[in-house]
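Peer 1: Let me begin by handing over the structure; questions about it come next.
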Amino acid sequence: MTTRTATATAAATTAADTVPVGALNLSRTTATAARVLRQLRHDPRTIALLILIPCLMLVLLRYVFDGSPHTFDNIGASLLGIFPLITMFLVTSIATLRERTSGTLERLLAMPLGKADLIAGYALAFGILAIIQSALATGLAVWLLGLDVTGSPWLLLLVALLDALLGTALGLFVSAFAASEFQAVQFMPAVIFPQLLLCGLFTPRSDMHPALEAVSDVLPMSYAVDAMNEVLHHTDMTSTFVRDVLIVAGCALLVLVLGAATLRRRTA
Amino acid sequence: MMNYSPEPPQAPGNSALPPAIQATGLTAVRGPRTVLRGLDFTVPRGQITGLLGPSGCGKSTLMRSVVGTQAKVTGTLDVLGRPAGHPSLRTRIGYVTQAASVYDDLTIRQNLDYFSQILDPTRPTPDRRADIDRVLGEVDLTSHADALAGNLSGGQRNRVSLAVALLGSPEVLVLDEPTVGLDPVLRRDLWNLFHSIAATRGATLLISSHVMDEAERCHRLLLMREGEILADDTPEALRTRTGSDTVEAAFLHLVDEAAAHSRTKETSR
Numbered sequence: 001m002t003t004r005t006a007t008a009t010a011a012a013t014t015a016a017d018t019v020p021v022g023a024l025n026l027s028r029t030t031a032t033a034a035r036v037l038r039q040l041r042h043d044p045r046t047i048a049l050l051i052l053i054p055c056l057m058l059v060l061l062r063y064v065f066d067g068s069p070h071t072f073d074n075i076g077a078s079l080l081g082i083f084p085l086i087t088m089f090l091v092t093s094i095a096t097l098r099e100r101t102s103g104t105l106e107r108l109l110a111m112p113l114g115k116a117d118l119i120a121g122y123a124l125a126f127g128i129l130a131i132i133q134s135a136l137a138t139g140l141a142v143w144l145l146g147l148d149v150t151g152s153p154w155l156l157l158l159v160a161l162l163d164a165l166l167g168t169a170l171g172l173f174v175s176a177f178a179a180s181e182f183q184a185v186q187f188m189p190a191v192i193f194p195q196l197l198l199c200g201l202f203t204p205r206s207d208m209h210p211a212l213e214a215v216s217d218v219l220p221m222s223y224a225v226d227a228m229n230e231v232l233h234h235t236d237m238t239s240t241f242v243r244d245v246l247i248v249a250g251c252a253l254l255v256l257v258l259g260a261a262t263l264r265r266r267t268a
Numbered sequence: 001m002m003n004y005s006p007e008p009p010q011a012p013g014n015s016a017l018p019p020a021i022q023a024t025g026l027t028a029v030r031g032p033r034t035v036l037r038g039l040d041f042t043v044p045r046g047q048i049t050g051l052l053g054p055s056g057c058g059k060s061t062l063m064r065s066v067v068g069t070q071a072k073v074t075g076t077l078d079v080l081g082r083p084a085g086h087p088s089l090r091t092r093i094g095y096v097t098q099a100a101s102v103y104d105d106l107t108i109r110q111n112l113d114y115f116s117q118i119l120d121p122t123r124p125t126p127d128r129r130a131d132i133d134r135v136l137g138e139v140d141l142t143s144h145a146d147a148l149a150g151n152l153s154g155g156q157r158n159r160v161s162l163a164v165a166l167l168g169s170p171e172v173l174v175l176d177e178p179t180v181g182l183d184p185v186l187r188r189d190l191w192n193l194f195h196s197i198a199a200t201r202g203a204t205l206l207i208s209s210h211v212m213d214e215a216e217r218c219h220r221l222l223l224m225r226e227g228e229i230l231a232d233d234t235p236e237a238l239r240t241r242t243g244s245d246t247v248e249a250a251f252l253h254l255v256d257e258a259a260a261h262s263r264t265k266e267t268s269r
């Protein structure tokens with residue numbers, strides 16, 4: 001009897017010990033995503049701002065370029081990729097910063113929650129939000145504002161979703177380096193603006209100074225805008241589009257892993 | 001999983017189970033400061049051990065070390081026979097920080113529901129619900145269960161935080177000043193709860209406080225000052241040893257004694 005109990009305990013501990021640190025637990029991930037969405041539900045104004053502002057900006061843009069619909073096509077398609085990146089970046093960096101400063105992160109990491117579960121939970125919750133945001137913005141642009149896309153609007157949506165994930169990943173990552181909300185917000189001009197200037201939205205990347213063009217080659221937003229333009233001008237998926245999508249997805253994944261590495265169970 | 005048959009509260013001769021917490025040469029460094037200076041102590045199972053000392057003496061750092069969230073800890077620190085911070089301990093320790101670590105934009109029940117899912121996602125929902133109702137009753141917040149945590153008073157938020165730590169009936173509870181800012185009635189109720197948790201579940205409680213009158217309610221005391229342990233004894237033995245009426249007087253006596261001791265060491269050099 002005693003031996004049996006001892007063996008059982010030993011077996012149980014071994015099982016607990018051998019769970020790989022990076023393994024994803026699906027229930028804990030979905031529980032975290034549900035919790036993040038539940039928190040947002042108590043804040044309807046944030047949801048309204050998240051969903052309506054990109055739509056309003058597109059309407060604004062449509063009438064700013066009233067005389068040149070071609071310009072609206074180019075900029076509008078790019079912005080469909082850029083909006084989700086920026087909003088998810090902001091929302092995620094503030095949300096994770098709050099989690100760090102309120103002590104809930106310390107509590108969670110003292111519990112059996114894997115770092116990957118937390119990160120994936122956030123990515124899942126904000127990914128769902130991004131789908132809603134992008135679907136509305138894309139639908140509005142294509143069907144009501146007359147955005148002229150040669151390819152499938154579904155591909156625009158796919159790129160927008162990947163951009164949102166990239167924004168979430170970047171937000172999670174930089175929140176580790178921000179000690180206050182003030183600092184977190186300042187990371188937006190620091191991380192997003194250079195990409196915005198260099199991504200080819202204002203002028204084709206090939207027209208930039210060669211040094212800047214080289215820099216833009218390693219910034220993920222350049223590929224997000226590239227992918228949008230591919231959909232804009234081609235009826236089917238080009239190899240450039242596939243490459244761009246893979247690069248954006250790869251960057252999002254890489255930054256998510258880096259973000260997980262900034263979470264420490266032990267802090268000073 | 002955690003339902004060990006209740007063991008007698010005092011089992012000094014029971015060598016089968018290691019003590020709840022055992023530290024040898026425990027040292028912790030925060031920035032330029034050495035906050036814990038080579039501490040040796042043992043916290044027995046099934047009892048309430050009070051961790052007392054002035055603010056800034058290292059109580060919270062000691063507790064964070066036990067829970068495994070403190071960086072730069074050296075020496076040996078075993079909790080339930082395993083090194084502090086071991087993954088298998090994460091479901092067996094309940095921890096309450098000084099600040100209420102709960103989500104202000106969720107209701108009390110939503111907070112408890114989330115943390116309970118993190119603790120054990122495989123547990124059937126009815127079981128989990130029963131557990132949540134139990135802890136709500138224990139901290140006397142049943143009537144507020146659907147209020148947003150952010151709308152509660154400071155004392156109520158701290159009790160939500162305590163309720164989270166009570167989920168899943170952990171074997172060790174580490175509570176950092178759980179009664180601070182509470183009215184006398186609630187404080188009495190919570191101490192009664194702590195005693196019943198120790199008595200009925202055989203759980204070990206490590207509770208910090210800087211209010212010396214709470215010391216009388218503990219089975220054992222660790223008196224701390226400036227990163228060192230001045231005394232590790234029962235309240236009664238402390239009073240007898242120092243010839244004092246209260247633990248507070250005993251503490252002051254020990255502080256004076258330690259100061260005098262270090263002075264003689266200086267002069268003899």
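Respectively, the protein sequence lines represent chains A and B. Under UniProt numbering, the residues of the first sequence are numbered 1 to 268, in order. Under UniProt numbering, the residues of the second sequence are numbered 1 to 269, in order. Ideal Cβ positions, reconstructed from N, Cα and C, are used throughout, including at glycine.
Quick check on B:S244: does DSSP put it in helix, strand or coil?
Peer 2: Three-state DSSP puts B:S244 in coil, outside helix and strand.
Peer 1: Only counting runs of 4 or more residues, tell me where the alpha helix (DSSP H) segments fall wholly within the region 144 to 206 of chain B, in order along the chain.
Peer 2: You should have 154 to 166 and 184 to 201.
Peer 1: Where do the N-terminal and C-terminal ends of the beta strand (DSSP E) with B:L36 fall, by residue?
Peer 2: R33 to V43 is the span of the beta strand (DSSP E), which, as asked, contains B:L36.
Peer 1: Grab the span of the beta strand (DSSP E) containing B:L223 for me, first residue to last.
Peer 2: R220 to R225 is the span of the beta strand (DSSP E), which, as asked, contains B:L223.
Peer 1: Exposed or buried, what is B:H144 when buried is set at 16 or more other beta-carbons lying within 10 Å of its beta-carbon?
Peer 2: Buried, because 16 or more other Cβ atoms sit within 10 Å of the Cβ of B:H144.
Peer 1: Nearest-angstrom Cα distance between B:C218 and A:R28?
Peer 2: Those two C-alpha atoms are separated by around 37 Å.
Peer 1: Quick check: A:V174 and A:G81, are their CB atoms within less than 8 Å of each other?
Peer 2: No. Outside cutoff.
Peer 1: Can you find the residues in the same chain that come closer than 8 Å, C-beta to C-beta, to A:T150, ignoring five residues on each side of it along the sequence?
Peer 2: Only V231, L232, H233, H234 and T235 meet the Cβ criterion.
Peer 1: From which residue to which residue does the alpha helix (DSSP H) around A:Q186 run?
Peer 2: From DSSP, the alpha helix (DSSP H) with A:Q186 extends over E181 to V191.
Peer 1: Quick one: is A:E106 near chain B, going by C-beta distance under 8 Å?
Peer 2: Cβ-Cβ to chain B under 8 Å: yes for A:E106.
Peer 1: Return helix, strand or coil for B:M1, following the three-state DSSP convention.
Peer 2: Only weak support is given to the placement of B:M1: the predicted model assigns it a pLDDT of 40, under 50, and the value that follows is read from those uncertain coordinates. The answer is coil: DSSP assigns B:M1 none of H, G, I, E or B.
Peer 1: In terms of DSSP beta bridges, what is B:I229 paired with?
Peer 2: Looking at the DSSP assignment, B:I229 forms a beta bridge with B:M224.
Peer 1: For B:S169, go through chain A and note every residue whose CB falls closer than 7 Å to its CB, in chain order.
Peer 2: Result: empty, since nearest Cβ-Cβ is about 14 Å, beyond 7 Å.
Peer 1: Nearest to B:L206 by alpha carbon, out of B:H253, B:R129 and B:S65?
Peer 2: Nearest C-alpha to B:L206: B:S65.
Peer 1: Hey, how far is the Cα of B:G243 from the Cα of B:E236?
Peer 2: Those two C-alpha atoms are separated by around 10 Å.
Peer 1: Between which residues of its own chain and A:V21 is the CB-CB distance below 6 Å, once the five residues before and five after are set aside?
Peer 2: Per-residue confidence for A:V21 stands at a pLDDT of 46, beneath the threshold of 50, marking its modelled position as unreliable; the derived number appears in the next sentence. Contacts found: none.
Peer 1: Please state the DSSP three-state secondary structure of A:S27.
Peer 2: Helix, per DSSP.
Peer 1: With a Cβ-Cβ cutoff of 8 Å, do A:G200 and A:D217 count as a contact?
Peer 2: No, the pair does not count as a contact, with Cβ atoms beyond the cut-off.
Peer 1: Using CA coordinates, which residue listed in A:G259, A:I75, A:S68 and A:M57 is at the minimum distance from A:A178?
Peer 2: Considering only alpha carbons, the answer is A:G259.
Peer 1: To which residues does DSSP link B:A23 through a beta bridge?
Peer 2: Paired residue(s): B:F41 and B:L77.
Peer 1: Between B:A180 and B:G137, what straight-line distance do the alpha-carbon atoms span, to the nearest angstrom?
Peer 2: One detail in the question is off: residue 180 of chain B reads as Val in this sequence, not Ala. Roughly 20 Å separates the two Cα atoms.
Peer 1: Quick one: give me the first and last residue of the beta strand (DSSP E) that B:V96 is part of.
Peer 2: Per DSSP, B:V96 belongs to the beta strand (DSSP E) from I93 to V96.
Peer 1: If you check the beta carbons only, do B:T107 and B:G168 fall under 8 Å apart?
Peer 2: Contact: no.
Peer 1: Counting only C-beta atoms, is B:T74 closer than 8 Å to chain A at any point?
Peer 2: Cβ-Cβ to chain A under 8 Å: no for B:T74.
Peer 1: For the beta strand (DSSP E) that contains B:L141, what are its first and last residues?
Peer 2: Premise fails: B:L141 is in no beta strand (DSSP E) and is neither H nor E.
Peer 1: Could you check if B:F41 is buried or exposed, using at least 16 other CB atoms within 10 Å of its CB as the buried criterion?
Peer 2: The residue in question, B:F41, is buried, as its Cβ has 16 or more Cβ neighbours within 10 Å.
Peer 1: So, for B:A250: in the same chain, excluding its five sequence neighbours on each side, which residues have a beta-carbon less than 6 Å away from its beta-carbon?
Peer 2: Here the set comprises L238, R239, T242 and S244.
Peer 1: I need the straight-line Cα distance from A:L161 to A:A130, nearest angstrom please.
Peer 2: Their Cα atoms are separated by approximately 6 Å.
Peer 1: Please compile the residues from chain A whose C-beta is within a distance smaller than 8 Å of the C-beta of B:S101.
Peer 2: Per Cβ cutoff of 8 Å: S102, G103, T104, E106 and R107.
Peer 1: Could you give the distance in angstroms between the alpha-carbon of A:D73 and the alpha-carbon of A:M237?
Peer 2: Each residue's alpha carbon lies about 18 Å from the other.
Peer 1: Determine the DSSP secondary structure at A:R264, reduced to helix, strand or coil.
Peer 2: It is coil, neither helix nor strand.
Peer 1: Can the beta-carbon of A:M88 be found closer than 8 Å to that of A:G167?
Peer 2: Closer than 8 Å, so yes.
Peer 1: Given a cut-off of 8 Å on the beta-carbon distance, is the pair B:A215 and B:V174 in contact?
Peer 2: Taking 8 Å as the Cβ cut-off, B:A215 and B:V174 do not qualify as a contacting pair.
Peer 1: Can you list the residues of chain B that A:R38 reaches, using a CB-CB cut of under 7 Å?
Peer 2: Near A:R38 (Cβ distances below 7 Å), the residues of chain B are L106 and Q110.
Peer 1: Please report how far the alpha carbon of A:V191 lies from the alpha carbon of A:A261, in whole angstroms.
Peer 2: Going by the C-alpha atoms only, they are around 19 Å apart.
Peer 1: Which chain A residues are close to B:R30, counting only those with a beta carbon under 7 Å from its beta carbon?
Peer 2: Residues of chain A passing the Cβ test: A268.
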